[in-house]
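Here the structure comes first, spelled out in structure tokens, and everything after it is commentary.
Here it is, written out as structure tokens:
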């Protein structure tokens, strides 16, 4: 089973780095070695997105619900390759 990779893209000029770091930390604390890793990617224009293996699970206009994001990652971490 391959482990999912999470990517968080955040707007640097908007000051979204603290939120990106908080989400990254939460994901790593909850999933640890069940995921390949959590990559931070810089962006601009207000971007804040979360992708798992290239599939978008959150984008900034959506209501930010960390529990829903974690459930989405959990489902992907449990899937066989």
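Numbering (the numbering used here), first residue to last: -19 to 61. Note that beta-carbon positions come from the ideal geometry of N, C-alpha and C, so glycine has one too.
| Query | Result |
| --- | --- |
| In angstroms with no decimal places, state the Cα-to-Cα distance between residue 36 and residue 43. | 14 Å |
| Beta-carbon within less than 7 Å of residue 0's beta-carbon, same chain only, minus the 5 sequence neighbours each way: which residues are those? | -12, -10, 20 |
| Among -18, 58, 51, -7, whose alpha-carbon lies nearest the alpha-carbon of residue 30? | 51 |
| Note down the Cα distance separating residue 5 from residue 16, rounded to an integer number of angstroms. | 14 Å |
| Indicate the three-state DSSP secondary structure (helix, strand or coil) for residue 12 in the structure shown. | helix |
| Under the rule that 16 or more other beta-carbon atoms within 10 Å means buried, what is residue -8, buried or exposed? | exposed |
| Can you tell which of 34, 9, 40, 58 has its C-alpha closest to the C-alpha of residue 25? | 40 |
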